[in-house]
Structures are given as structure tokens and as C-alpha cells.
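Take a look at the structure set out below.
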Amino acid sequence: MSTPAKASTKKEKKKPIPVKTSLNSPFTTQWSPLEREHKRLILKTLKAKLSAVGLQKQRVNRVREWGSRRRSRKKTSKPTEDQKPTPEPAESVQTSSKPTEPCWTNPAVRKQLAIGINEVTKGLERNELSLVLVCNSVRPEHMTCHLIPLSKTRSVPACQVPSLSETLAELLGLKCVLALGFKRDTEVFEDVVRTITPVVPPLCVPWFPTASNKKSTKKQSQTVKGQKRKLEESSDEASDASPLILQPLKVKKIIPNPAKIRKPKKKA
């Protein structure tokens with residue numbers, strides 16, 4: 055009698071579970087509020103300057119012809135000697151006035167600006183900007199939160215201007231303007247940076263020392279002078295230490311690595 059085949063004892067390998075560890079910062083960064091009068095002044099100066107310069111993106115409405123792919127494939131195929139096209143004379147070739155690709159009216163002026171969150175982020179990382187303006191209509195809001203510590207570390211004035219995208223998008227010929235940065239040593243927008251910079255409120259970053267923290271440490275050192283020697287020594291140590299109070303990081307969830315090969319425990 056034939057015996058039945060033994061079932062395979064090999065265990066099937068389970069697919070590894072994708073694991074993502076995320077750390078939450080204990081600090082919350084927010085844009086400093088801007089006064090209404092300053093908001094009107096900023097929008098007015100920007101609107102007047104951009105309209106005077108005439109910077110705008112020219113869009114091209116492309117109409118796709120039916121069967122254009124088939125024609126392109128036929129053109130790419132090698133033509134025979136009879137089908138080779140004759141070279142057209144130079145007189146017949148005429149340059150069209152309309153642009154075939156989207157371009158800016160004044161590319162030299164465009165190079166002095168950083169438009170969009172990505173361009174502004176790159177400009178701050180390279181320390182190329184002298185002023186940063188952000189629109190408050192950005193959703194989700196955390197898309198522009200990283201610009202606060204970046205501009206603070208580079209000592210670049212930055213603020214959130216309401217309805218910035220609504221006023222500048224039409225002038226520039228764009229759908230939206232979520233962030234706008236002015237590069238250093240700009241000749242065209244030098245007067246704009248001068249007028250807006252004193253109006254921009256200072257940014258508040260929790261882990262950066264401020265003037266109020268320095269004043270408080272000085273007052274504490276003055277009050278401790280009349281106390282005993284031991285207290286004076288302790289006060290000197292406290293003054294030397296940083297005034298910032300560090301908070302622990304909060305970990306959402308810790309998951310063990312399922313792909314790790316664990317050795318079996320040896321029995322005694």
C-alpha cells in the first residue's frame with residue numbers, strides 16, 4: 055500500500071510589517087500676529103511694485119490634435135531615401151511672436167524672487183533671502199511651520215500676511231502664492247524690503263534665548279549678592295546654565311522590529 059505524502063514542514067515566511075517611527079516635537083511654533091494697518095501697508099506696497107514692474111507668467115493654451123501620437127511615431131521611424139524631407143529655406147522659417155512654452159515677462163526680475171514654499175525653503179537653507187512673507191490660507195497649517203525656525207536661525211524677518219495669495223496671484227499670473235521671498239542685494243525690490251522690514255513682528259521660537267530671559271537672569275544675580283556664600287555659589291552655577299527648560303520628546307508608539315532574527319535561548 056502506498057503511504058500518503060508527508061505535508062511540508064517548512065513554515066511559510068510571513069511578510070514583514072512596515073514600521074514607521076515618528077517623533078513629536080514638544081514645542082509648538084506659531085506665526086506672530088500682524089496688525090491690520092501693517093497688513094494693508096504690505097499688500098499696498100507689493101501690489102504697486104509688481105504692477106509697476108509688470109512681472110507676469112505667460113501661459114500657453116496647448117490644443118492636442120487627434121492622432122498626434124500616431125503622427126509622431128511615423129516621424130520617428132527611419133524614412134527611406136525617397137521619403138526624406140527636403141530642407142526648407144531659411145526665409146520660410148519665421149519665429150512666432152507667441153511663446154510655445156510658459157515663461158515670465160522679465161526673467162531677470164523673476165530671479166530676484168522666491169515664489170512658493172519649496173523655493174522659499176531652499177532660499178532660507180542657502181541663506182539667500184532677506185525677507186519672507188507667507189499667506190495664512192495654507193492648508194494644512196504645518197506646511198509653513200518649518201519656515202519659522204529657518205528664518206529665525208538665519209535672522210531673516212518673516213511674517214504671515216492674510217490674503218496675500220488673493221492679491222498677488224492675479225498680478226503674477228499664478229493660481230496661488232503661498233510664500234514669497236526677496237533675495238539679498240535685490241536692486242528692483244530694495245525699496246520694498248526697506249519699507250516692510252520694520253513692520254514685521256519678531257518671531258517667537260521656544261528654544262531660542264530672548265531679551266526677556268537675559269534680563270531675568272541679570273535680576274536674579276543682583277538679588278543673590280546679599281545672601282550667604284553657599285547661596286552665591288549656587289546662583290553662579292544657575293546663571294552659567296542655560297535659561298531654557300528642555301522638555302522630553304513624546305514617542306507615539308514603539309513597535310518591535312518583526313524582521314529581526316532572534317536567537318533561541320539556550321536551556322541550562
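If you read the sequence shown in this note's numbering, its first letter stands for residue 55, the second for the next number, and so on.
Positions of the beta carbon are idealized from the N, C-alpha and C atoms, including for glycine.
Taking C-alpha atoms, which residue in ASN190, VAL186, GLY235 lies nearest to ALA212? Here residue 212 refers to the residue found at position 158 of the sequence shown. Comparing Cα-Cα distances from ALA212 to each of ASN190, VAL186, GLY235, the minimum goes to VAL186.
Does DSSP classify LYS320 as helix, strand or coil? Position 266 of the sequence shown holds residue 320. Three-state result, LYS320: coil.
Excluding sequence positions up to five away, which residues of its chain have a Cβ less than 7 Å from the Cβ of GLU198? By one-based count along the sequence shown, residue 198 stands at place 144. Just to set this straight, residue 198 is Thr in the shown sequence, not Glu. Only ILE171, VAL188, VAL192, ALA233 meet the Cβ criterion.
Does GLN84 pass the burial test, meaning 16 or more other C-beta atoms within 10 Å, or should it be called exposed? Mapped onto the sequence shown, residue 84 falls at position 30. Exposed is the call here.
Does the segment 301-320 touch the segment 70-79, meaning 3 or more C-beta pairs lie closer than 8 Å? yes
When burial is assigned at 16 or more other CB atoms within 10 Å of the CB, is ILE315 buried or exposed? Residue 315 sits at position 261 when you count from the first residue of the sequence shown. Classification for ILE315: exposed.
7 Å Cβ cutoff met for SER184 and VAL247: For this step, residue 184 is matched to residue 130 along the sequence shown. For this step, residue 247 is matched to residue 193 along the sequence shown. Yes, Cβ-Cβ distance for SER184 and VAL247 is below 7 Å.
Where does GLN214 land, buried or exposed, given buried means 16+ other C-beta within 10 angstroms? Start at 1 with the first residue of the sequence shown, and residue 214 comes out as number 160. GLN214 is buried by the Cβ-count criterion.
Report buried or exposed for THR149, applying the criterion of at least 16 other Cβ atoms within 10 angstroms of its Cβ. Counting from 1 along the sequence shown, the entry for residue 149 is found at position 95. For THR149, the pLDDT reaches just 43, beneath the cut-off of 50, and the residue's location in the model is therefore unreliable, although a value from the coordinates is still provided. THR149 should be labelled exposed.
Please list the terminal residues of the continuous alpha helix (DSSP H) segment that includes LEU104. Residue mapping note: residue 104 aligns to position 50 of the sequence shown, counting from 1. Its alpha helix (DSSP H) spans residues 90-107.
Presumed contact (8 Å Cβ cut-off) between LEU178 and LEU204, rounded CB distance: Against the sequence shown, residue 178 aligns to sequence position 124. Against the sequence shown, residue 204 aligns to sequence position 150. That belief holds up - the Cβ atoms of LEU178 and LEU204 are roughly 4 Å apart, short of 8 Å.
Terminal residues of the continuous beta strand (DSSP E) containing GLY177? Translated into positions along the sequence shown, residue 177 becomes position 123. Taken as a continuous stretch (DSSP letters only), GLY177 belongs to no beta strand (DSSP E), being part of the alpha helix (DSSP H) at 171-179.
Restricting to Cα atoms, I'd like to know which of PHE262, ASN181, GLU173, VAL253 is closest to GLN210. Position 156 of the sequence shown, counting from 1, holds the residue named residue 210. Note that residue 210 corresponds to Val in the displayed sequence, not to Gln. Per the Cα distances, ASN181.
Which one or two residues does DSSP pair with VAL215 in a beta bridge? Here residue 215 refers to the residue found at position 161 of the sequence shown. Bridge partners of VAL215: CYS189.
Would you kindly work out how many angstroms separate the C-alpha atoms of LYS98 and ILE250, rounded to a whole number? Position 44 of the sequence shown, counting from 1, holds the residue named residue 98. Position 196 of the sequence shown, counting from 1, holds the residue named residue 250. Each residue's alpha carbon lies about 11 Å from the other.
Kindly indicate which three-state DSSP category SER146 falls into: helix, strand or coil? Along the sequence shown, read from residue 1 onward, the residue named residue 146 stands at position 92. In this prediction, SER146 scores a pLDDT of 40, lower than 50, which makes its location untrustworthy; no coordinate-derived value is stated.
Give the secondary structure of SER79 by DSSP, where H, G and I count as helix, E and B as strand, and everything else as coil. Numbered from its first residue, the sequence shown carries residue 79 at position 25. In this structure, SER79 counts as coil in the three-state DSSP scheme.
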